[in-house]
Amino acid sequence: AEVYSRHIQIDMIYYSHMYENEKQKLEEQLGKITVELLTLAVHHPETDEWEIRFDKDSHSEADDDLISDNAEAAEEAIATLALLETRYRNIKRAIGKIANGTYGICEISGAPIESDRLAANPAARTCKAHLNDEVDLPL
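This note's numbering applies: residue 478 is where the sequence shown begins, and numbers increase by one.
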């Protein structure tokens with residue numbers, strides 16, 4: 478029983494360090510994503526929502542080409558914002574899971590997420606078997 482207890486203590490120390498390392502990686506990623514988001518959007522901390530920022534056009538009489546270019550740029554910015562915001566939310570969710578002890582658990586099956594999947598994407602929400610279902614999970 479004493480050997481078993483010691484083994485559990487070693488495992489707890491190992492996982493504690495592992496989760497601390499994962500948390501640090503996630504916080505670094507969150508910082509980088511936040512910087513990228515701030516180039517495209519305004520953050521509203523009270524709701525944790527991001528609102529796309531459009532540069533005001535200084536031209537009083539815009540020609541059709543300029544309007545078309547602006548529309549394409551706006552579509553691209555909106556798509557980029559959506560991807561970055563999803564990544565931002567997933568990273569914040571993963572940090573919360575570390576805090577509440579559910580990090581590394583598939584949100585669909587409840588099975589452990591494979592270590593190589595977490596190494597590639599520390600904010601992964603599903604195991605490999607449910608990889609394609611992750612996009613259907615609510616933000």
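C-beta atoms are modelled at their ideal positions from N, C-alpha and C, and glycine is treated no differently.
Verify whether the separation of the beta carbon atoms of glutamate 611 and arginine 602 is less than 8 Å. With respect to the 8 Å criterion, glutamate 611 and arginine 602 are classified as neighbours on the basis of their beta carbons.
Straight-line gap, tyrosine 580 to alanine 606 (C-alpha atoms, nearest Å): 17 Å
Whether lysine 500 touches isoleucine 582 by CB criterion (8 Å): no
Closest to leucine 514 by CA distance: which of Lys569, Asn598, Ile585 and Tyr565 is it? Tyr565
Identify which residue in Ile568, Ala559 and Ala548 has its Cα closest to the Cα of glutamate 505. Of Ile568, Ala559 and Ala548, the residue nearest in Cα terms is Ile568.
From which residue to which residue does the beta strand (DSSP E) around alanine 518 run? 518-521
For isoleucine 487, does the three-state DSSP call read helix, strand or coil? Note on isoleucine 487: pLDDT 49, under 50, position unreliable in the model; the coordinate value appears next. Isoleucine 487 falls in the helix class under three-state DSSP.
Burial state of leucine 558, where buried means 16 or more other Cβ atoms lie within 10 Å: buried
Exposure of proline 677, with buried meaning 16 or more beta-carbon neighbours within 10 Å: Residue 677 falls outside the range modelled here, since the chain spans only 478 to 616, and no answer is possible.
Between which residues of its own chain and isoleucine 585 is the CB-CB distance below 7 Å, once the five residues before and five after are set aside? Thr603, His607 and Asp610
Per DSSP, cross-strand counterpart(s) of proline 589: Ile582
Looking at the unbroken beta strand (DSSP E) that takes in glutamate 618, where does it start and where does it end? Within the shown structure, residues of the chain are numbered from 478 to 616, placing residue 618 beyond reach of any answer.
Find out if the Cβ-Cβ distance for the pair phenylalanine 531, alanine 551 is shorter than 8 Å. Closer than 8 Å, so yes.
Chain-order list of residues whose beta-carbon lies under 8 Å from that of threonine 563 (same chain, five-residue window excluded): Within the same chain, Cβ atoms closer than 8 Å to the Cβ of threonine 563 are found at Leu616, the five residues on either side in sequence being excluded.
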